[in-house]
Every structure is written in C-alpha cells, then in structure tokens.
Amino acid sequence: MNNILLVAFVFCLLLAAQDAVVQAATANHAAVNDVGFVDYTSKLSGPFFTAFKEKEECPPCFNCMLPGFECLQFANCTDYDGKCKCPSGFGGDDCKQPLCGGLDEGRNRYPRENGTVCDCPDGWEGINCNVCTSNSVCDALVPTGQNGTCYRGGLTVYENHQMCNVTNRKILDQLKDQLPQVTFSCNRHDATCDFQFWVDQIESFYCHLDTCAFKQTYEYDRNTTKYTCDKIDCRCIKDEMLCGKDGSIDLTDFLNDEIQGPASFNCNGKECVFSEPAMNDLISAVFGDDSIFLNCNSGECLHYTMVPGFERGERPINWTMIGSGLGGVAAFLVFVGSVVTFLAKKSTRHDEIRLADDETGKLMSEHTPVDLVFDHIAYTLPNVIKPILVSTTGRVRSGEVLAILGPSGAGKTTLLDILANRTKTGQVTGSLYVNGKRLPREEYAQLIGYVDQEDTMIPTLTVYETILYSALLRLPRSMSTAAKKFRVMEVMQELNIDGIKDSKIGQPGSRSISGGERRRVSIACELVTSPSILFLDEPTSGLDAYNAFNVVESLVSLARSYKRTIVFTIHQPRSNIVTLFDHLVLLAKGCTIYAGPQTLIQQYFSQIGYTCPPGFNIGDYAIDLTMGAIKCDSERDTQVDVIVQDTSDNNNATDGLTPHLRQLAQAYDESNMAVELREEIAQSIQDTGNNSSGSSTSAILSGDTAIISTHKKPTFITQFRILSDRTFKNLYRNPMLMFAHYGIAVVLALVCGGLFYQVSNTIAGFQNRMGLFFFYEALLGFMCLTSLQVFSTERILFIRERANGYYSPGTYFLAKILFDIIPLRVVPPLMMGLISYYMVGLVEGVDEFLKFLLVLVLFNLTAAALCLAIGVVFKNVSMANLLSVLVMLFSMLFAGLLLNKGSFLDKTICAHISDTHIQFAPFFFFR
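Now the structure itself:
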C-alpha cells in the first residue's frame, strides 16, 4: 500500500511539472541557457525542483526536433522520437558513425569505433560494408530468401552502393599517405543519390543529389553507366579534413553556397568520373584536373530474375587497324622485293687478293707428300657368302696417279671407299699404311679428300663461292679469311677454272657451267684443304671424251706438280687417258686381275696368253678381258687348262667366279709382279718401323715433315654463321618459293577477310568464325608441306659434306631451320593475321590481337616441325608427302571441330595425342 501511494505521489508531481512547463512556454518568458535551449526548469518552484536544480546539470539528450541537433547525411528526422533515420551504412544519433557488418545483418549492424576500420564479413566490402561481392550474401535481401545475386554492373536497379578510390594524381600527392575515397549510393525509386568524401576513412563532406536519372549505354566493347542529377546539396563535417581541421582548408562556405548542380556520375567499367560545374572549377584551379576521377566497385543484391539484361552494341569497323594491316603488309612486300632484287643483281665478282709473304709461305708449307699402301683389303657383307672384295694389294707414291679399272660391279667404288676410310656396313679386313705407318681413323681423315661420283652442289652459288664455303668450313681457324680466299684462287688456277669463277653452278635445264667444269669444281672443293691423298669416284662419269681428258690431265698435273697422291676409279677410259696413269688396279667380281705400273700391263697380259692387238686401247682390252670377251692365245691353251684345273680343285677366296676369272686372278696372284709388290710393301713397312723414333701415331714422320696437322677447325658458332650466309644466298637468289608463300598468304587473307567480313555475334557468326579458324588451320598445315624439301633437295649434299668433315650436323640443321622458319613459317601467318583479323571483326584489343598472331605462328611452327621430321626420316619425297597429308587430315579430324570430342573420347586415344587438337583449342579464345 505504501508503494502505491509513493508512485501516485511522483506521478502527480510530474503532471504538475508538465503543466508548469507548458504555461512557461505559452507565456514566452522562459530563459535560454548557454547552449541555445530554452531553460524551462527556471520557471519551476517548490521544494522538489529546488533540490533538483541544486545538483550539477546533465547534458541534454539528442533530439533532432530541437534546433541545436542536426541529422548528418541529410537523414530525415523522425517526428515521434526525435531520432535520425540514417541511410544504409550509417548510424549513431546523428548518422555520423559508419556501420560495420553486411547489409544482410539488418538491425544487428554496429557502429564503427573511433580510430578503427570495419572488418567486413565475407561477401562485403567498403568503408561501411555496403558493397556486396558474392551472390551468397544476397539471399537474405531478396523476397524469396534464395537465388540472390550480387549485381556488379553499375546500373541502379533499386538501391545501388559503390565504393571508390580517388585516382587524381595531384590529390593523392597532396594527401600523401592519407587515402582519399568516395562512397556513392543511389535509390531509383526516390531518384536520389548520396555522395560521401573520405580521407583516411574519416568522412570530410557529403552531398545529396536529387531529381536523378539513371541510364546505361551499351557499346560494342563496353557499357557506360550515366547518372545525372539536377540538384545537389553538400555539407562539410566540422573540424575534419578539408573542413577546417588543424587549420587546413575549409570548404564549408564553398559547399554551402557554390555547389548547386547539376551533377553527374559516369562510369565506364570501373573507371568513373564525378562532375559538377563549381566543383570542377575548384578541382581544375587547385589540382589541374577536370573532375574527380574514381575507380569504383559496385554492388547491389537482386533476385536473379531482376538482373538487367545485356545488349551488345553494334561493332564499329576499325578502319585504322584494317588500313594499317594492309599498309604494313604492302610495305613489307615492297621492302623484301627491293632487298632481293638488289642482292640478286649485286655483282659477284671478286677482286684480286694479296697476302703477306709470311702467310703465303705458310700456305705453301701445309702440304705433306705421302705414300699409300693397302695390303690384303677384303670386304664381306653379313649373311652373304660371296665376298664383295677379295684380298687386294697395291701401292701408290706421292706425285703418282693410281687408277682403279673394272666393269660394273667389279668392286671399284667399294675399294675406293675402304681406302678413303668411309663408313661401311660390312666387315673390312686388311691394312692401310701411310708412309709405312697405320694411322687412327680421325688422323687419317685429315690427310685425305674425297670427290663423289655425282657433282652435288648448290646451283645458285658461283664457282668461287662454292669453293670458298668449302675453304671457310674446313681450313684451320688460325688462317685469316684473306688467306682462305687466296687459297681458293690458287686452287682454281691449279685446275684452270679461274676464268669461270663468277659463273653460277646452275642445274640441268638451265644455263650453267659444263660437266667438265662442274667436275673440276668438285675437285677444287677438296683441294682447298691441301689433302695429301685425293680420292675420286668416277671423275669422268657423264663427260664427253674431251672434258674427260681435261679432268684426268688436271689430276695428273696436280699429282706431279704438287706431290699429291691421286687415287680414282674409272670405268672405260680412252687410250690417251690411260697413258696418263702411273699405276693401274684392274678388278673383276672383287678379285684383282692386275695391279702394277700402267706401262707394264700390256706386257703382263701377253705373258699370260692375252696379247692386245696393235693400236687397240689397252683400257678397253682389259675391260673386255674381264668380261670374257677375249680368248686366250692358241699356244697357251695347254697352260691355261692346267691353271683352270688347279684353281678348280682349290677352295680359295675366288670361289663363285667363272673359270675364266679364276684363271686370271690366279695368274696374277702367282705372277712375279704380285710377288715383288708384296715383298716391296713388306720391306717398306719394316724399314719405316725400324727408323721410327717413337710409337706415337699422332705425328708420323716422313723425312723431316710431320704428316698430321694440329690445326683446329672453325667453331660451332663460326660454322653456323657460314652456313647461314650460304643458306641466305640460296634463298634470295631463288626466291620463288618464298614469294609464293607470301602471295598465297596475302590473297587468301583478303579472300577470307571479304567472305567473313564483320561476322555477327550470333550462332551463325560463331559458325563462321569456327569455319575461318579451321580454314586457316588447314591452309597453314598444307603450306607446311613445302618443309619436306628443306632437307630432301640437299640430302646428298649434306651426306657428302658431312662425310668430308665440313661441319657438324647440328650447325647445318639450325641454319636450314632458321631460314625456313623465319621467312616461310613466321612471316606468312603474320601477314594473314594482320590483314584479316580486323576485317573479320574478332575480339578487339591489342593483347587479343597479339595472342591471335602468336597462336597462328605457333600452329604453323608445329606443323612445319612435323613435316620436317617426316622429311628427314623418309628419303622418298612422295612417301613423305603422302604421310604428311595423312597426318594433317587425321589431326584435323580429331581436333574437336569435325568430330565432337565427347562422342569418341571413350573409343579412341587419338584425341589425346592429336597435335592439332592442342593447336586448334586456342582459336576458340578469339571467337
């Protein structure tokens, strides 16, 4: 009961106080306190209020209805409780404090403490965590509670929030480490926007924009969002940066009086501009920029059905890039044509070369005369009973010429290859002696030169250049280039071909040097190294009688004038050629029929019953004799029968021969000439062994002269440079293939650019793009078939030069690849891409354009590498061509365009190994 009475008493007092306040306000006699509020308590009296006034006065509660309190951010004041209705992301009594926590937390968001920043939950970002970044956080903000989508396109659908960083360079420099930022939010229903400017996450001023319109413009390569507002009202936050803090600039009056609008907020992607006339003038005067430039992230939570649709604008035709591509290709073709024409017409004549006396003497001292002895040389093939070459013995001294005669299949070339230490697949037995000593293979190779039966040379080079490249690649690196050129001129004079030094080698069907001159050029390529022994396989093959005599006469002159040892095979020489030989070795079915001086062969045959008729060519007679066309003299019939019977009973090395050849081989083997030759060879070897002062074979001595030179050949880099120069000359002197590639690339690029001109962004356009890519793939792939001839046309030349020690295979391969890749595999796809890319209307942008060119080039290089590999493996060009076409077709089949990968992936493994499947995939990037 007492409690009830107490409550009633207090209630009565409050009613009395309220009545007194009302009366005081009505009478308008209230006093005003020092903070601008009416002091109604001064009119109150009584013991209760007197006690209350005696205590310390409390600060007034916030009430936006009262004049001394204001809602920031242009927030509305609530009539019933005097509180501010803050916009999203702001809280506190006056809406000054940013709120932390996402929009999906609603009333549970909490004010940010002073001196801190908001740690936004996952899916939200910004100073006050208003901007969504993921779809998952939007479910709570859509009516259905699911299928929420974070729309970041920038256009305001209902209520949009943006977080921006100021990018004006001078503003950033002025504020130094304090980051200027802007928060921007718009409400389409109210047609309003709010703008807050922050420095180091402390709000400086804010603006409210009214009567706003929202528009999004769709262009081909970008969407532009435009907000325009007719009215704008801005306020400074007292004692903050830009508003008088610490004596800094104060924009209060400027914002209140000058900023009136209209204002705009335009975004192109993330790059935005906030513009208002008065503010622009201030920015321009202070910082030199036109407006406030921003980099913004936008976010608005919507139901997925409310997300604005996408409209692609009409593609603009980039005439600048189309014209640049066509002009660039045209300029390149003119440049290449001019360079090729200039180089092709450039004089190939070479002036006389003079050397210092000491270098001239050095060149003359390089040659070392040697004697060659071959003892019991035999050769057999695996799984073949009959030997290819039976025990053959002979000798040739320095300054002499040894000719190996015999009919076809006699074993002449086999014997020559063995003497030249060429690689053979069968088993070789016997011994080779140089000045009575056996040499290691590598050291022996330094003494010899080898001329093949076929004259394989590059037709676009001149005689001088052909011999010069041999000299540059094989002569010691210590020799100067001038000395090597002098050596070339010297050799040409020795062979009497200096008069044609500037003539091109040529090829059959075109103007070229004669067959005899070609043969002497081949010989000159070997003579530049001053070989002590020169081997030649059929040097007169394919020549008329006159040229054949000139070639052999040149060889004999070299042997006798320069003390060289010459060994060659010859099929059926004329009588005037036979008389030039010093020694002869006559073979038949691998057996030695005669080996000795040329001057004694006729006498020898007479002794065994075969007399050459007077005036008959002894060379022809010897060949006919081995073929069984010559019968034995009648007075020797009995002796021949005995020899034939004896040889038939013996199981010797001549088994498998006709009785006639057995008789001839046995007759020579038992002749005094053969016995004397074997004894002479044995004695020479024995004498050399007794006179040798050491056992080393790296410096065999003949008198006072060392046989083996210790000179080093050119380095890998030097070989590559020389071969590259040779390949480049061959390219620009025969440019038809290169210009054919360029012409096809340009014409088809123009055709494709016209057929697929500015394809649309539709299903039909997508199909056209894929068709274009597939056509380019097929075109480049089949154009790479020309890579098959890169090595096939020079296969024989490479084998000959490699066997003669011109260079390592790696340098030749790199040089050929370099001048095939750059002009034929890189330039054509670049031309096609430059011309057609912008004509077709593929993805805009320099990066995408460069990627497209890169894909074209890489695809072409891959296809070319495949064709190169096939061309190297298969000697037959037709077979290589067929296989290359099949590989290309199957690669296209399994590339994924003609046959859906999912429909056959489980049935075949080809999809995983198809190179074109890998190559074709990047084209989809440019669709």
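Letter by letter, the sequence shown follows residues -24 to -1, 1 to 903 in mature numbering (1 follows the signal peptide of the UniProt record, and there is no 0). Just so it is clear, CB atoms sit at the ideal spot from N, CA and C, and this is done for glycine as well.
Note on geometry: alpha-carbon atoms of R745 and D796 lie some 30 Å from one another. In terms of Cβ geometry, K146 and F250 do not form a close pair [threshold 8 Å].
It is roughly 9 Å from the alpha-carbon of Y409 to the alpha-carbon of R371. In chain order, L707, P799 and L800 place their CB closer than 7 Å to the CB of M714, counting only its own chain and leaving out the 5 sequence neighbours on each side. If you draw a 10 Å sphere on the C-beta of K362, you find fewer than 16 other C-beta atoms in it, and that means exposed. Secondary structure at N106: coil, using DSSP grouped into helix, strand and coil.
Going by DSSP, Y570 is part of the beta strand (DSSP E) stretching over C567 to P573. In the structure shown, T555 adopts coil according to DSSP, grouped into three states. In this chain, the alpha helix (DSSP H) harbouring S537 covers A521 to Y538.
DSSP, read as helix, strand or coil, puts I499 in helix. Look at L227 here: in three-state DSSP terms it is coil, with no helix or strand label. Under the 8 Å Cβ criterion, the segment 518 to 536 does not count as touching the segment 354 to 361, having fewer than three qualifying pairs. In this structure, L503 and E529 do not form a Cβ contact; the two beta carbons are roughly 15 Å apart against a cut-off of 8 Å. Under the DSSP assignment, R778 falls in the alpha helix (DSSP H) whose first and last residues are R771 to A779.
Within the segment 219 to 305, complete beta strand (DSSP E) segments of at least 3 residues are found at 239 to 244, 247 to 251 and 268 to 279, given in chain order. Sorting H559, S367, L348 and L512 by C-alpha distance to the C-alpha of L415 places L348 at the top.
Per DSSP, reduced to three states, the secondary structure at K146 is helical. For the pair M649 and G406, the Cα-to-Cα distance works out to about 20 Å.
Put simply, of T602, L810 and F50 the residue whose alpha carbon is nearest the alpha carbon of G387 is T602. Of the other Cβ atoms in all chains shown, 16 or more fall within 10 Å of the Cβ of G809; this residue is therefore buried.
Nearest C-alpha to I657 among V722, T368, L381 and D478: T368. For P549, the CB contacts under 6 Å within the same chain, skipping 5 residues up- and downstream, are G595 in chain order.
In the same chain as V467, and ignoring 5 residues on each side of it, the C-beta atoms closer than 7 Å to its own belong to I443, A500, L503 and V504, in chain order.
When the Cα atoms are used, L834 and V848 turn out to be separated by approximately 21 Å. V735 and V816 do touch by the CB rule: their CB atoms are close to 6 Å apart, below 8 Å. In this structure, the alpha-carbon of A320 lies about 39 Å from that of Y733.
If you check the CB distance, P156 and V133 do not come in under 8 Å. Nearest in C-alpha terms to P804, of all of A840, Q578 and P515, is A840. In summary, K400 is exposed, with fewer than 16 beta-carbon neighbours lying within 10 Å of its beta-carbon over all protein chains present. Here the segment 287 to 307 does not lie against the segment 168 to 179, with fewer than 3 beta-carbon pairs under 8 Å apart. Listed in chain order, the alpha helix (DSSP H) elements of length 4 or more contained wholly in the segment 342 to 422 are 388 to 395 and 417 to 421.
Straight through space, the alpha carbons of K460 and F557 are spaced by roughly 31 Å. In this structure K61 is exposed. Its beta-carbon is surrounded by fewer than 16 other beta-carbon atoms within 10 angstroms. Taking a contact as a CB-CB distance under 8 Å, the pair L510 and R540 counts as one, their CB atoms being some 6 Å apart.
When secondary structure is reduced to three states using DSSP, M714 falls in the helix class. In the three-state reduction of the DSSP assignment, R550 falls in the coil class, being assigned neither a helical nor a strand state.
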